[in-house]
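Residue numbers for the first sequence follow our numbering, so the first one is 155 and each next one is one higher. For glycine and all other residues, C-beta sits at the position ideal for the given N, C-alpha and C. Just so you know, these numbers come straight off a predicted model, no measurement behind them. Have a look at the structure below, then the notes.
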Amino acid sequence: MANYEPKAIEKRWQAVWAQEKTWEVPNPGQPGFDPAKPKSYVLEMLPYPSGEPHVGHLKCYAVGDAIAHFRRRHGFEVIHPMGYDSFGLPAENNAIKTGEAPRVATERSIESFRRQFREWGISIDWSRELATHTPEYYRWTQWIFLRLFEHGLAYRTEAPVQWCPKDATVLANEQVIDGRCERCGTEVVQRNLEQWFFKITDYADRLLADFDRLESWPEHVITMQRNWIGRSEGAEVTFRCQEREVDLDFPVFTTRPDTLFGATFFVLAPEHPELGRLVAGTPAEDEVREYVNRIARESAEERGAEDREKTGVALGRSVVNPVNGEQIPMYVADYVLMEYGTGAIMAVPGHDSRDYEFAQVFDLPVKRVIEGQDPDSARDAEGLPFPGDGPLVNSGRFDGKGNREAYAEMLEWLGSEGRGSASVNYRLRDWLVSRQRYWGAPIPIVYCEECGMVPVPDEQLPVELPEIEDYAPQGKSPLAAAEEWVATECPECGAPARRETDTMDTFVDSSWYFIRYLDPRNTEAAWDREAADNWLAVDQYIGGVEHAILHLMYARFFTKALADLGLLGVQEPFANLFAQGMITRDGAKMSKSRGNTVSPGEYVERYGADSARTYICFMGPPERGGDWSDEGVEGVNRFLARLWRLGAEVEERTGPGEPGSTPEGQARELLAKANWAIEKVTRDFERGFQFNTAIAAVMELVNDSYRLKEGLYGDPEGAAAVRFATTTAASLIFPFAPHLGSEVFERLSGERVWEHAWPVADPQLLLSDTVTVVVQVNGKLRDRIEAPAEAAREQLLELARASTKVSAHLDGKEVVKEIVVPGKLVNLVVR
RNA sequence: GCCGGAGUGGCGGAAUUGGUAUACGCGAUCGGCUCAAAAUCGAUUGCCCUUUACGGGCUUGUGGGUUCGAGUCCCACCUCCGGUACCA
Numbered sequence: 155m156a157n158y159e160p161k162a163i164e165k166r167w168q169a170v171w172a173q174e175k176t177w178e179v180p181n182p183g184q185p186g187f188d189p190a191k192p193k194s195y196v197l198e199m200l201p202y203p204s205g206e207p208h209v210g211h212l213k214c215y216a217v218g219d220a221i222a223h224f225r226r227r228h229g230f231e232v233i234h235p236m237g238y239d240s241f242g243l244p245a246e247n248n249a250i251k252t253g254e255a256p257r258v259a260t261e262r263s264i265e266s267f268r269r270q271f272r273e274w275g276i277s278i279d280w281s282r283e284l285a286t287h288t289p290e291y292y293r294w295t296q297w298i299f300l301r302l303f304e305h306g307l308a309y310r311t312e313a314p315v316q317w318c319p320k321d322a323t324v325l326a327n328e329q330v331i332d333g334r335c336e337r338c339g340t341e342v343v344q345r346n347l348e349q350w351f352f353k354i355t356d357y358a359d360r361l362l363a364d365f366d367r368l369e370s371w372p373e374h375v376i377t378m379q380r381n382w383i384g385r386s387e388g389a390e391v392t393f394r395c396q397e398r399e400v401d402l403d404f405p406v407f408t409t410r411p412d413t414l415f416g417a418t419f420f421v422l423a424p425e426h427p428e429l430g431r432l433v434a435g436t437p438a439e440d441e442v443r444e445y446v447n448r449i450a451r452e453s454a455e456e457r458g459a460e461d462r463e464k465t466g467v468a469l470g471r472s473v474v475n476p477v478n479g480e481q482i483p484m485y486v487a488d489y490v491l492m493e494y495g496t497g498a499i500m501a502v503p504g505h506d507s508r509d510y511e512f513a514q515v516f517d518l519p520v521k522r523v524i525e526g527q528d529p530d531s532a533r534d535a536e537g538l539p540f541p542g543d544g545p546l547v548n549s550g551r552f553d554g555k556g557n558r559e560a561y562a563e564m565l566e567w568l569g570s571e572g573r574g575s576a577s578v579n580y581r582l583r584d585w586l587v588s589r590q591r592y593w594g595a596p597i598p599i600v601y602c603e604e605c606g607m608v609p610v611p612d613e614q615l616p617v618e619l620p621e622i623e624d625y626a627p628q629g630k631s632p633l634a635a636a637e638e639w640v641a642t643e644c645p646e647c648g649a650p651a652r653r654e655t656d657t658m659d660t661f662v663d664s665s666w667y668f669i670r671y672l673d674p675r676n677t678e679a680a681w682d683r684e685a686a687d688n689w690l691a692v693d694q695y696i697g698g699v700e701h702a703i704l705h706l707m708y709a710r711f712f713t714k715a716l717a718d719l720g721l722l723g724v725q726e727p728f729a730n731l732f733a734q735g736m737i738t739r740d741g742a743k744m745s746k747s748r749g750n751t752v753s754p755g756e757y758v759e760r761y762g763a764d765s766a767r768t769y770i771c772f773m774g775p776p777e778r779g780g781d782w783s784d785e786g787v788e789g790v791n792r793f794l795a796r797l798w799r800l801g802a803e804v805e806e807r808t809g810p811g812e813p814g815s816t817p818e819g820q821a822r823e824l825l826a827k828a829n830w831a832i833e834k835v836t837r838d839f840e841r842g843f844q845f846n847t848a849i850a851a852v853m854e855l856v857n858d859s860y861r862l863k864e865g866l867y868g869d870p871e872g873a874a875a876v877r878f879a880t881t882t883a884a885s886l887i888f889p890f891a892p893h894l895g896s897e898v899f900e901r902l903s904g905e906r907v908w909e910h911a912w913p914v915a916d917p918q919l920l921l922s923d924t925v926t927v928v929v930q931v932n933g934k935l936r937d938r939i940e941a942p943a944e945a946a947r948e949q950l951l952e953l954a955r956a957s958t959k960v961s962a963h964l965d966g967k968e969v970v971k972e973i974v975v976p977g978k979l980v981n982l983v984v985r
């Protein structure tokens, strides 16, 4: 008999799908569009095309493709597009090294990705393919930027920002990990620069509230976003410094207004803008300046280091505590951050461990204002600092009140005095979107001496990225050197003007690509509203958990902003999210430097795409990670070959024919197994994509077919059963191994498996006449008995006692309790 | 430190509501086919004990508890992984 030859099979089916455009779906108004058919938008995160796709891509698209196929066969019109996130630093850094234009390298990578996706047999609607670096796409990225600009959601301002010296660009807060650049790992430094921002903070509350609108997202992703947004409720309270030539108000944010009476000192961040004024011409001036300079030189990582000793300098000034009129001394210290709150804090060492540490170092008074003791955090004889709840003391008229109760009253009182009010603070900051780099979408703004900052009119879009010679960043965008491009005229007055030379963060590109797929060739608009309304939201989004904060939060923000502008009808882009786990090799993250990468191409070449895909789905639950094993791929390849040989043999040895309605013996056994497998695979899909057990079920079906087939080929009823089992196995494996599934299914039925509805288990065949019942004595397994499925309590007890293995354990003992679970178990308790 | 997730054979991993622990795969051992090997088909495979059985005992990170019965529920602890951290 011939052998399983994946290469030939896969090529053949790929040609069919390409030729017949099998996976293309129409938009409303186009031929073939059926408004009655339910839609499903299945989407995997688009890849950044660099070199060759890696196993992470294979996993993502294998999982997504299985879902797409499953839904199609349940009658959904499935839209399943693909594109490339093709702007970005790696191509540009490569250009700096080699001089090769980023476009050239990028398009070569895209070609390679496209080829491999076809070789993997992913069911993509190629008519919707897009790449974010093309003018056809970024024209609309710029168009969206202008809409945000018009509505005050894109703005330019000077602010302290994170600068990566190696990549020579600013970064968004989300792109700084532990004080280091997310991309290259270089320590970032703070700079004051004028930059473009998107006002994502306007959406902080809605980004939090609308978690309720999501159908199914992993809880930990929601938690990560929630923590990132970092909403905290508290109060803004104003402390006043009025002495000598200074009269300044210092608002602070605190979550603990109930501890106001315990404030014994006051701290400003080293970057606080009023610091110079406070110490100018005072004895503290030199020491403060020295301290501030020292901190400025330190990296974010050093400053945030664990167990860092508290440092600071006294300013020789004091502020008045609005609740009791006390004068408390002012300090500058680096444990207060300018980016959070107001850059100033009231310090309550009695009830805050950081303030307590500072008070210890500077020998400042520690005052208790809440009764209570928390043994875990207490550090001194009095049990301070105490972070918990209790009645207030040393708090004037509030003494004796519970601190929670006092919290509200204190706020009310402060409000009436005009010294404070309830306030909400967020950790989230506006999204810094400008980059001083070349390979991104130019920001469509022009600077005119007369008119100032002028948006490029829509009809002049796209602002095309010019060809340049030198890609090396010089502290400003390489675009600044393209003089001919920079020099333009003002769209408003026609006077000479200069273009904005910064480009957009590539996360902007990927914040709306899932909408462009819905109408990708539209030259009149970013998308047609009817098309968007038809397909959105994405019903199933699949991607790596590493994007839990960045991409997913930006895309949510974009969707809400676009909805507010009347351009979209949904508030949330991704109704269901599936976060796949990472594949490791030898227990470690794959990396070129470790030399432990797995190249999917190599395995596809050796075993076929079906084996590689099915193995990845079989490794373990897809949301968890897994360690790549060559033997594992071989095992799955063996299984697929076994199924192929079974198909070939069944085609030869049986004729077409449906199994009868009342099969018996082994025919019934095999049909029952096939129906069990249908049931099991279906449930595993529906219960969170448990593909590993689904594939195991098909393996069991194939194993049983091998075990029983020789005894069944002889009679027509048996032959029909084997044929049914094999066809079913092909049908069920199809979402994972689409080529082999199509091949075997066609051989046995003459038809195309993807045009067939997903099989439904026959309940008659799922039930068996007899069941195995376990018999325990004192909870210990002693025997297994075959009993009629319907056997009642008394009958089961009788059968159980009849077992010699059981009675041996009952000898001379008294049965005190009998537990019977019909169809499952009998437990006899003896004494 | 805080917030998640996970600890099951030699390995990856299965186990509806508490009811046969170790499905499926890998690896290993043995056998059929073969001159031989590969491929393939089949059998065995949690650990320990007297391999005499149709025999007994033990086993889901550790220690306790609830229950006729716990991988699953409760309490305490240990380890690993992921996220996050002077956020006032």
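query = What distance in whole Å lies between the Cβ atoms of residue 729 and residue 378, which are believed to be in contact at a cut-off of 8 Å?
reply = Here residue 378 is taken as the residue at index 224 of the first sequence, counted from 1. Here residue 729 is taken as the residue at index 575 of the first sequence, counted from 1. Contact between residue 378 and residue 729 does not hold, since the beta-carbon distance rounds to 19 Å and is not under 8 Å.
task = Out of 973, 936, 963, state which residue places its alpha-carbon closest to the alpha-carbon of residue 951.
result = Here the question's residue 951 lines up with position 797 in the first sequence. Of all alpha-carbon atoms in 973, 936, 963, the one lying nearest the alpha-carbon of residue 951 is that of 973.
task = Have a look at 625, 264, 324, 698 and flag the residue whose alpha-carbon is nearest the alpha-carbon of residue 252.
result = Looking up residue 252 in the first sequence gives position 98. Closest option to residue 252, Cα to Cα, is 625.
Every unbroken alpha helix (DSSP H) inside the stretch 497 to 554 [4 residues or more] = If only complete runs of 4 or more residues are kept, the stretch 497 to 554 shows the alpha helix (DSSP H) at 507 to 516, in order along the chain.
key: Continuous alpha helix (DSSP H) stretch holding residue 790: start and end   = Along the first sequence, one-based indexing puts residue 790 at 636. Judged by DSSP secondary structure, residue 790 falls within the alpha helix (DSSP H) whose first and last residues are 784 to 807.
ask   = Measuring CB to CB, does residue 372 end up less than 7 Å from residue 733?
value = As a working mapping, residue 372 is identified with position 218 in the first sequence. As a working mapping, residue 733 is identified with position 579 in the first sequence. Closer than 7 Å, so yes.
task = Would you kindly check if the distance between the Cβ of residue 821 and the Cβ of residue 834 is under 7 Å?
result = Looking up residue 834 in the first sequence gives position 680. Looking up residue 821 in the first sequence gives position 667. The answer is no: Cβ separation not under 7 Å.
task = Under the assumption that residue 498 contacts residue 406 (Cβ atoms under 8 Å), give the Cβ distance between them as a whole number of angstroms.
result = If you number the first sequence from 1, residue 498 lands on position 344. If you number the first sequence from 1, residue 406 lands on position 252. Indeed, because the Cβ distance is near 5 Å, the residues count as touching under 8 Å.
inquiry  = Which residues does DSSP list as the beta-bridge partners of residue 485?
reply    = Here residue 485 refers to the residue found at position 331 of the first sequence. Bridge partners of residue 485: 421, 468.
ask   = Using the beta-carbon count (16 or more within 10 Å), is residue 213 buried or exposed?
value = Taking the first residue of the first sequence as 1, we reach residue 213 at position 59. Buried: at least 16 other Cβ atoms inside 10 Å.
message = Using a Cβ distance threshold of 8 Å, determine whether the stretch 465 to 473 contacts the stretch 417 to 436, with at least three qualifying pairs required.
response = With the cut-off at 8 Å, the stretch 465 to 473 and the stretch 417 to 436 touch.
key: Per DSSP, cross-strand counterpart(s) of residue 349   = Numbered from 1 along the first sequence, position 195 holds the residue referred to as residue 349. DSSP output for residue 349 lists 311 as bridge partner(s).
query = Can you tell which of 222, 634, 616 has the C-alpha that lies nearest to the C-alpha of residue 622?
reply = By 1-based counting over the first sequence, the position of residue 622 is 468. When only C-alpha atoms are compared, the closest one is 634.
request  = Pull up the CB-CB distance for residue 924 and residue 913, whole angstroms please, since I reckon it's below 8 Å.
outcome  = Sequence index remark: in the first sequence, residue 924 carries index 770 (1-based). Sequence index remark: in the first sequence, residue 913 carries index 759 (1-based). Residue 924 to residue 913, Cβ: 26 Å. No contact.
task = Might you give, ordered along the chain, the residues of its own chain that have their beta carbon closer than 8 Å to the beta carbon of residue 763, omitting 5 neighbours on each side?
result = The residue labelled residue 763 in the question sits at position 609 within the first sequence. Only 160, 164, 273, 274, 275, 893 meet the Cβ criterion.
ask   = Going by the CB atoms, is the gap between residue 383 and residue 361 shorter than 7 Å?
value = By one-based count along the first sequence, residue 361 stands at place 207. By one-based count along the first sequence, residue 383 stands at place 229. In this structure, residue 361 places its C-beta atom within 7 Å of the C-beta atom of residue 383.
key: Nearest candidate by alpha-carbon position, reference residue 946, set 968, 975, 933   = Position 792 of the first sequence, counted from the first residue, corresponds to residue 946. If we check each option's Cα against that of residue 946, 975 comes out closest.
key: Rounded straight-line distance, which links the Cα of residue 503 to that of residue 542   = Counting from one through the first sequence, the residue named residue 542 turns up at place 388. Counting from one through the first sequence, the residue named residue 503 turns up at place 349. In a straight line, the C-alpha of residue 542 is about 13 Å away from that of residue 503.
key: Residue nearest to residue 374 in terms of C-alpha spacing, selected from 811, 700, 841, 919   = Locating residue 374 in the first sequence gives position 220, counting from the first residue. Taking only the C-alpha atoms, the option nearest residue 374 is 700.
request  = Using a threshold of 7 Å, state whether the C-beta atoms of residue 569 and residue 575 are closer than that.
outcome  = Translated into the one-based positions of the first sequence, residue 569 becomes position 415. Translated into the one-based positions of the first sequence, residue 575 becomes position 421. In this structure, residue 569 lies near residue 575, with their beta-carbon atoms less than 7 Å apart.
query = Helix, strand or coil for residue 184 per DSSP?
reply = Within the first sequence, numbered from 1, the residue matching residue 184 stands at position 30. Residue 184: coil per DSSP, three-state reduction.
query = Does the stretch 279 to 293 come close enough to the stretch 666 to 678 to have 3 or more Cβ pairs within less than 8 Å?
reply = Short answer: they touch.
request  = Output the distance between the C-alpha atoms of residue 326 and residue 432, rounded to the nearest integer angstrom.
outcome  = Numbered from 1 along the first sequence, position 172 holds the residue referred to as residue 326. Numbered from 1 along the first sequence, position 278 holds the residue referred to as residue 432. Each residue's Cα considered, the two are about 32 Å apart.
Same chain, Cβ closer than 8 Å to residue 437, five either side skipped, listed in chain order = Residue numbering aside, residue 437 sits at position 283 when the first sequence is read from its first letter. Correct list, in chain order: 470.
key: Residues bridged to residue 231 (per DSSP)   = Counting from 1 along the first sequence, the entry for residue 231 is found at position 77. According to DSSP, which records beta bridges pairwise, residue 231 is partnered with 193.
key: residue 810 classed as buried or exposed, judged by whether at least 16 other C-beta atoms fall within 10 angstroms   = Your numbering for residue 810 matches position 656 in the first sequence. Label assigned to residue 810: exposed.
query = Which first and last residues belong to the alpha helix (DSSP H) in which residue 853 is found?
reply = Counting from one through the first sequence, the residue named residue 853 turns up at place 699. That run of the alpha helix (DSSP H) goes 845 to 866.
query = Taking just the CA atoms, how far does residue 921 sit from residue 955?
reply = To locate residue 955, count along the first sequence from 1; it is residue 801. To locate residue 921, count along the first sequence from 1; it is residue 767. If you take the alpha carbons of residue 955 and residue 921, they lie about 26 Å apart.
message = Quick check on the DSSP output: the alpha helix (DSSP H) that includes residue 903 runs from which residue to which?
response = In the first sequence, counting from the first residue as 1, residue 903 sits at position 749. Where residue 903 is concerned, the enclosing alpha helix (DSSP H) stretches over 892 to 903.
task = Grab the span of the beta strand (DSSP E) containing residue 389 for me, first residue to last.
result = Residue mapping note: residue 389 aligns to position 235 of the first sequence, counting from 1. That run of the beta strand (DSSP E) goes 386 to 397.
query = If you run the structure through DSSP and keep just helix, strand and coil, what is residue 919?
reply = For the purposes of this step, residue 919 is identified with residue 765 of the first sequence, where counting begins at 1. In the displayed model, residue 919 falls within a helix according to three-state DSSP.
query = Could you give the C-beta distance for residue 651 and residue 602, rounded to a whole number, given that I count them as a contact under 8 Å?
reply = On the first sequence, residue 651 is found 497 positions in, with the first residue counted as 1. On the first sequence, residue 602 is found 448 positions in, with the first residue counted as 1. Taking C-beta atoms under 8 Å as the contact rule, residue 651 and residue 602 qualify, at a distance of about 4 Å.
query = Does the beta-carbon distance from residue 881 to residue 862 come in below 7 Å?
reply = Along the first sequence, one-based indexing puts residue 881 at 727. Along the first sequence, one-based indexing puts residue 862 at 708. With a cutoff of 7 Å on beta-carbon distance, residue 881 and residue 862 are scored as not near each other.
query = For residue 880, which three-state DSSP category applies?
reply = In the first sequence, the residue the question calls residue 880 occupies position 726. In the structure shown, the three-state DSSP call for residue 880 is helix.
inquiry  = Any contact between the stretch 225 to 232 and the stretch 190 to 203? By contact I mean 3 or more CB pairs, one from each, below 8 Å.
reply    = The answer is yes - the stretch 190 to 203 touches the stretch 225 to 232, with three or more Cβ pairs under 8 Å.
request  = Please find out if some non-hydrogen atom of the ligand HEM comes closer than 6 Å to the beta-carbon of residue 371.
outcome  = Ligands in the displayed structure: none, and consequently the ligand HEM is not present.
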